[in-house]
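Asks:
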Amino acid sequence: MNALNIELNKKSLTQALSNKFNAVVCDVEFSSEVLQGGTVGDVSKLFGQAKIQGETTAQPFELVVKTQKQWDRSGDPQCWRREYEIYHSGLVAKLPQELKLPQCYLLEESTDTTRIWMAYVDGLTGNKALNVAELADAAYQLGVFQAKYHLQGEMNLPYIRSYPAVRSSFDLWWGYTEALLSKPIEGFPEALRAILNNYGMHSKDLLGSFDVLPRTLCQGDVHHDNLIFNKSLGETSIYLIDWDSAGYGFMGEDAVDLLMEAFIYSDRDPALLPEYRHKIIEAYCRGVRTQGFNGQGIKIKGFDFYMSETLIRELFVLSWGFRIVDRYVYHEDAAEKRRCLEILEMMLKEEG
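In UniProt numbering, the protein residues as written are 1 to 352.
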């Protein structure tokens, strides 16, 4: 970090800490640690001692600054501003509290950059720490959260992606793989290729059939690195971070994403997939059904909610199936190619 950036960060950090402590911070000593870095943004943890005006003892602190540069995700050019707008608009305070977002202390923006200064949340996270029990707990709370949002939340916010992710995912990855699947692929079973091509041919009807599902706010990237299980005062709160993919989508989209992220981007044994699938999907549907009655005990239309094996397969194929084909074709590691085939075979297995 160069001297100019240190001074700019120190000025902003002082303001963020003043907001955090609800007091005037007159000086600060800090160090930084990169939590996530990339070409379009980075996330850093800042920690140290804050000197508060009128106090003799400095206060220790930890917080996170997330810097997001302008970039254009395919079909979603405003994604880089979305998390900033979620905080800036005050939406965070209106969201159901089954899943939490870190508290925000300061927001900054320029023409091509947003910056969020927020609380550092410690806890269990990542595929090494979160196994099926924790992911099922997260799925249950996600179901409650999304059912409540469906019933009470605003559905026309301009900074939230307006279309279901399953549609854009299909368009993107079918576009990459349609030509590949039109002819035999080395090492790729012909039976799988035929099944995937059949889904591709009937995709318009399948996507149309999803319109009967309740719509809600979807986070769009529910995976183990974005979930934090924070234990404090004997209670566990589940935080869901990184909302740049958030959009209005179908109930069940995020549940399938949670399941697939647990295997596609980890080294979990694919043999565990049936257990994870059953527990995650069952917990999610159970969470949704908690909102199935109003105060008079009258069932609300759409909340006798469950995900049939057919629906799970269809959401999986259109959101993930063709993405996995692309991963199979272009990945050089033989073991990873085998994982791709195993996941496809397990998820496409017919009932009974």
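Even for Gly, the Cβ is constructed at its ideal location relative to N, Cα and C.
1) Along the chain, where does the beta strand (DSSP E) that runs through residue 59 open and close?
2) Can you tell me which of 253, 137, 81, 155 puts its alpha carbon nearest to the alpha carbon of residue 99?
3) Can you grab the Cα-Cα spacing for the pair residue 252 / residue 217, in whole Å?
4) Please name the residue, chosen from 135, 117, 95, that lies closest to residue 109 on a Cα-to-Cα basis.
5) Pick helix, strand or coil for residue 2, following the three-state DSSP scheme.
6) Can you check which of these residues, 283, 337, 13, is closest to residue 144 by C-alpha distance?
7) Is it buried or exposed, residue 68, if we count other Cβ atoms within 10 angstroms and call 16 or more buried?
8) Using a 10 Å radius around the Cβ and a threshold of 16 neighbouring Cβ atoms, would you call residue 128 buried or exposed?
9) What residues are listed by DSSP as bridge partners for residue 174?
10) Kindly indicate which three-state DSSP category residue 89 falls into: helix, strand or coil?
11) Give the DSSP-derived three-state secondary structure of residue 78 in the structure shown.
12) When you compare the region 38-55 with the region 21-30, are there three or more beta-carbon pairs, one atom per stretch, that lie closer than 8 Å?
13) What is the DSSP secondary structure of residue 156, counted as helix, strand or coil?
14) Is the beta carbon of residue 229 less than 8 Å from the beta carbon of residue 343?
15) Cα separation between residue 84 and residue 242?
16) Can you give me the C-alpha to C-alpha distance between residue 122 and residue 10, rounded to a whole angstrom?
17) Scan the region 105-148 and note each continuous beta strand (DSSP E) run of 3 residues or more that stays entirely inside, going in chain order.
18) Between the region 146-164 and the region 85-96, are three or more C-beta pairs nearer than 8 Å?
19) Would you call the CB atoms of residue 280 and residue 255 closer than 8 Å?
20) Quick one, are the C-beta atoms of residue 166 and residue 315 less than 8 Å apart?
21) Going by beta-carbon coordinates alone, are residue 348 and residue 195 separated by less than 8 Å?
22) Give me the Cα-Cα distance between residue 339 and residue 270, rounded to the nearest whole angstrom.
23) With H, G and I counted as helix, E and B as strand and the rest as coil, what does DSSP make of residue 29?
24) Going along the chain, which unbroken runs of the alpha helix (DSSP H) with 4 or more residues stay wholly within the region 214-301?
25) Would residue 106 and residue 36 qualify as a contact pair, given that the criterion is a beta-carbon distance under 8 Å?
26) Residue 333 bridges to which residues according to DSSP?
27) Would you check if the distance between the CB atom of residue 200 and the CB atom of residue 178 is smaller than 8 Å?
28) Give every residue of the same chain whose Cβ lies closer than 6 Å to the Cβ of residue 66, excluding the five residues on either side of it in the sequence, and list them in chain order.
29) Does residue 54 come out as helix, strand or coil in the three-state DSSP assignment?
30) Would you mind giving the Cβ-Cβ distance between residue 239 and residue 101, rounded to the nearest angstrom? I have them listed as a contact below 8 Å.
31) In this structure, how does DSSP classify residue 353 when only helix, strand and coil are distinguished?
32) Ends of the alpha helix (DSSP H) at residue 199?
Replies: From the atom records:
1) 59-69
2) 137
3) Residue 252 and residue 217: Cα-Cα distance of roughly 11 Å.
4) 117
5) In this prediction, residue 2 scores a pLDDT of 41, lower than 50, which makes its location untrustworthy; the coordinate-derived value is nonetheless stated afterwards. Here residue 2 sits in coil by DSSP.
6) 283
7) buried
8) exposed
9) Paired residues: none, contrary to the question.
10) coil
11) coil
12) The count of Cβ pairs closer than 8 Å, one atom from the region 38-55 and one from the region 21-30, reaches three, so the stretches are in contact.
13) Coil, per DSSP.
14) Not in contact: residue 229 and residue 343 (Cβ atoms no closer than 8 Å).
15) 10 Å
16) Whole-angstrom Cα-Cα distance: 23 Å.
17) 113-119
18) yes
19) yes
20) yes
21) yes
22) 7 Å
23) strand
24) 253-264, 273-289
25) no
26) Looking at the DSSP output, residue 333 bridges to nothing.
27) yes
28) Within the same chain, residue 66 has close Cβ partners 43, 116.
29) coil
30) 7 Å
31) Absent from the structure is residue 353, since the part of the chain shown begins at 1 and ends at 352.
32) 190-201
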